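Colleague: One structure, pasted below without further comment.
There are 2 protein chains.
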Amino acid sequence: MLRTNESFLQYIEQLYHSQPRKEDIIERSFTKGKKLLVQNEKPSKVMLIKSGITKCFFTEENDKAFIVEFLGKGEILGEIELIRNIPCLCNIEAITDVEVYAIAIPYFSELVRSSLELNNLLLSVFAERIVNTSSRASYQQLYTIENSLSKLLELQSKQEIELSKEDIAAYLGITVRSLNRVMKEKHI
Amino acid sequence: MLRTNESFLQYIEQLYHSQPRKEDIIERSFTKGKKLLVQNEKPSKVMLIKSGITKCFFTEENDKAFIVEFLGKGEILGEIELIRNIPCLCNIEAITDVEVYAIAIPYFSELVRSSLELNNLLLSVFAERIVNTSSRASYQQLYTIENSLSKLLELQSKQEIELSKEDIAAYLGITVRSLNRVMKEKHI
DNA sequence: TTGCGTTCGGGACAAATGTCCTTTCTCTTT
DNA sequence: AAAGAGAAAGGACATTTGTCCCGAACGCAA
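Protein chains in written order, with our numbering: chain A, 1 to 188; chain B, 1 to 188.
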């Protein structure tokens with residue numbers, strides 16, 4: 001649910017401190033509620049989260065939202081779009097105040113081509129996201145809201161993340177009305 | 001829906017023909033209906049499809065099935081499990097007769113650590129799968145079966161793949177009864 | 001040709017979820 | 001303190017989907 005990545009953060013911080021040209025990686029801040037990346041727009045930077053939490057979500061044409069993941073410290077953003085050379089797949093929005101390392105695209109491209117360390121970090125991240133996204137897609141399609149909610153609440157208590165009801169509903173792909181109904185039936 | 005990857009196939013075929021030790025990559029065949037990989041079991045090889053089509057699916061504890069993707073020529077199998085060192089996430093089953101290149105795990109691991117070309121091929125594949133899986137998860141959660149079926153039929157006609165009703169239902173994460181109902185209403 | 005078993009499609013009803021609207025609660029402004 | 005606006009929860013009804021079971025069609029063997 002909430003993903004973090006300490007080794008990726010260390011790797012980028014080491015690059016940040018040792019870079020000769022100081023513009024390849026800069027620090028940026030976003031306040032809660034701000035969009036870091038906008039769906040269907042070309043990303044200008046690849047970013048890695050230094051602190052804070054973001055949600056990564058689709059807005060569909062019927063105006064409904066689906067949260068794919070919550071991304072925290074050490075998680076990378078915008079890298080899929082760079083590798084596939086496409087506009088942003090999803091929106092990324094800060095749900096707390098967030099600080100990131102913003103990495104220039106030509107610099108990041110060059111690293112992907114040449115750094116095995118970066119490649120291996122990215123492969124691990126991608127593998128993790130495929131596992132998480134596909135297994136949750138399967139589960140939420142084949143079980144009722146009650147089962148999915150139980151799983152989410154269990155994860156949530158382990159990770160100590162505070163989510164609004166609207167965000168919980170968007171993560172499960174349902175309406176807030178349905179979420180309230182199921183929570184009431186389960187006496188939550 | 002059906003994924004293929006010509007450049008990955010060329011890369012593996014070049015390795016296959018030039019390998020000194022002939023056991024690192026071997027060819028294997030599977031008849032229609034056979035399982036190439038079994039969910040929750042440790043994979044013994046990483047495989048790349050030379051010809052044929054497979055389905056990659058979850059079997060949930062409530063005995064329902066969800067097809068994540070159909071994988072064809074040039075697509076790689078079992079690599080996620082190797083990178084994350086986990087048992088198989090899904091089942092992989094041949095829906096036509098299938099031939100694969102089976103790659104020894106220590107050999108493949110060594111290539112991942114050392115070959116930038118392989119890393120870049122894998123990054124592209126993973127990026128594609130994340131895009132596909134997450135966007136379809138969102139769509140199928142937020143729209144009705146009718147919309148999802150329309151999308152599938154459109155893809156299917158472009159790709160000339162023949163699917164059983166049971167497989168279509170499993171790809172959409174619904175029952176065959178529901179699929180029949182919607183197909184009848186749409187006069188298909 | 002007939003009988004049996006399996007597969008497929010659909011009827012009927014139940015369950016799950018969405019939509020729309022109302023009521024209550026909370027917060028802010030006057 | 002009161003009023004107004006916005007947010008949150010839930011009632012009622014509609015729609016969508018799942019479950020169960022039955023009948024028809026098909027294939028195979030005797």
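Where a beta carbon is used, it is the ideal one built from N, C-alpha and C, also for glycine. It should be emphasised that the depicted structure is a prediction, and the values quoted were computed from it without experimental measurement.
1. If we ignore side chains and look at the alpha-carbon of each, how far apart do residue 121/B and residue 180/A end up?
2. Quick check: is the beta carbon of residue 30/B nearer than 9 Å to any beta carbon in chain A?
3. Leaving aside the five residues before and after residue 149/A along the sequence, list all residues of the same chain whose C-beta is less than 6 Å from its C-beta, in chain order.
4. Tell me which residue opens and which closes the beta strand (DSSP E) that residue 29/B is part of.
5. For the stretch 117-134 of chain B, which residues have a CB atom closer than 8 Å to at least one CB atom of chain A, in sequence order?
6. Along chain B, in chain order, which residues have C-beta atoms closer than 8 Å to that of residue 83/A?
7. Residue 21/B by DSSP, collapsed to three states: which one?
8. With 7 Å as the limit, tell me which residues of the stretch 61-93 of chain A have their beta carbon closer than that to any beta carbon of chain B; keep them in chain order.
9. Less than 9 Å separating the beta-carbons of residue 55/B and residue 71/B?
10. For the stretch 82-157 of chain B, which segments carrying the alpha helix (DSSP H) assignment without a break, of at least 4 residues, lie completely within its bounds, in sequence order?
11. Along the stretch 132-156 of chain A, where does the CB come closer than 8 Å to a CB of chain B? Name the residues.
12. Against chain A, does residue 58/B count as a neighbour if the rule is that its beta carbon must be under 9 Å from one of theirs?
13. With a 10 Å radius around its C-beta and 16 neighbouring C-beta atoms as the bar for buried, classify residue 188/B as buried or exposed.
14. Rounded C-beta distance between residue 77/B and residue 105/B? I'm assuming under 8 Å.
15. CA-CA distance, residue 174/B and residue 142/B?
16. Decide if residue 20/B is buried, meaning its Cβ has at least 16 other Cβ atoms within 10 Å, or exposed.
17. If we require 4 or more residues per run, which alpha helix (DSSP H) segments fall completely within the stretch 27-62 of chain B?
18. Determine the direct distance from the alpha carbon of residue 68/A to that of residue 34/A, and round the result to whole angstroms.
19. If we ignore side chains and look at the alpha-carbon of each, how far apart do residue 39/B and residue 135/A end up?
20. Closest Cβ-Cβ distance between residue 173/A and chain B: below 9 Å?
21. For residue 43/A and residue 91/A, what's the separation of their Cα atoms in angstroms?
22. For chain A, check one thing: does any of its Cβ atoms lie closer than 9 Å to the Cβ of residue 114/B?
23. What is the residue span of the beta strand (DSSP E) that residue 69/A lies within?
24. In three-state DSSP terms, what is residue 163/B?
25. Three-state secondary structure (DSSP) at residue 188/A?
26. Just the C-alpha distance for residue 15/A and residue 186/A, rounded to the nearest angstrom, thanks.
27. Comparing alpha-carbon positions, which option in 66/A, 24/A, 147/A lies nearest residue 47/A?
28. Would you kindly check if the distance between the Cβ of residue 85/B and the Cβ of residue 123/A is under 9 Å?
Modeller: Well, looking at it:
1. Rounded to whole angstroms, residue 121/B to residue 180/A spans 45 Å at the Cα level.
2. Interface annotation, residue 30/B: not in contact with chain A, CB-CB separation never under 9 Å.
3. Setting aside the 5 residues that flank it on each side, residue 149/A is surrounded in the same chain by 182, each with a C-beta closer than 6 Å to its C-beta; the list follows chain order.
4. Boundaries of the beta strand (DSSP E) harbouring residue 29/B: 25-30, taken from the DSSP string.
5. Going along the stretch 117-134 of chain B in chain order, one finds 119, 120, 122, 123, 124, 126, 127, 128, 129, 130, 131, 133, 134 with a Cβ nearer than 8 Å to chain A.
6. Simply 123, 124, 127.
7. Coil, per DSSP.
8. Residues of the stretch 61-93 of chain A whose Cβ lies closer than 7 Å to any Cβ of chain B, in chain order: 62, 64, 66, 68, 80, 83, 84, 89.
9. Going by C-beta atoms, residue 55/B is nearer than 9 Å to residue 71/B.
10. Scanning the stretch 82-157 of chain B from its first residue to its last, the whole alpha helix (DSSP H) runs of 4-plus residues come out as 105-114, 116-142.
11. Those residues of the stretch 132-156 of chain A that come within reach of chain B (Cβ to Cβ, closer than 8 Å) are 133, 134, 135, 136, 137, 138, 139, 140, 141, 142, 143.
12. Judged by the 9 Å Cβ criterion, residue 58/B is in contact with chain A.
13. Exposed, because fewer than 16 other Cβ atoms sit within 10 Å of the Cβ of residue 188/B.
14. The Cβ separation is near 13 Å, so there is no contact.
15. Across the structure, residue 174/B and residue 142/B are spaced so that their CA atoms are roughly 14 Å apart.
16. Residue 20/B is exposed by the Cβ-count criterion.
17. Listed in chain order, nothing qualifies, since the stretch 27-62 of chain B has no complete alpha helix (DSSP H) run of 4 or more residues.
18. About 18 Å.
19. Computed Cα separation, rounded: 12 Å.
20. Residue 173/A belongs to the set of residues whose beta carbon lies under 9 Å from a beta carbon in chain B.
21. Approximately 11 Å, taken between the alpha carbons.
22. Taking Cβ atoms only, chain A reaches closer than 9 Å to residue 114/B, which makes this a yes.
23. For residue 69/A, the uninterrupted beta strand (DSSP E) run begins and ends at 65-71, by DSSP.
24. The answer is coil: DSSP assigns residue 163/B none of H, G, I, E or B.
25. DSSP, reduced to helix, strand and coil, places residue 188/A outside both helices and strands of the structure shown, so it counts as coil.
26. Going from the Cα of residue 15/A to the Cα of residue 186/A covers about 49 Å.
27. Taking only the C-alpha atoms, the option nearest residue 47/A is 24/A.
28. At the C-beta level, residue 123/A and residue 85/B stay beyond 9 Å of one another.
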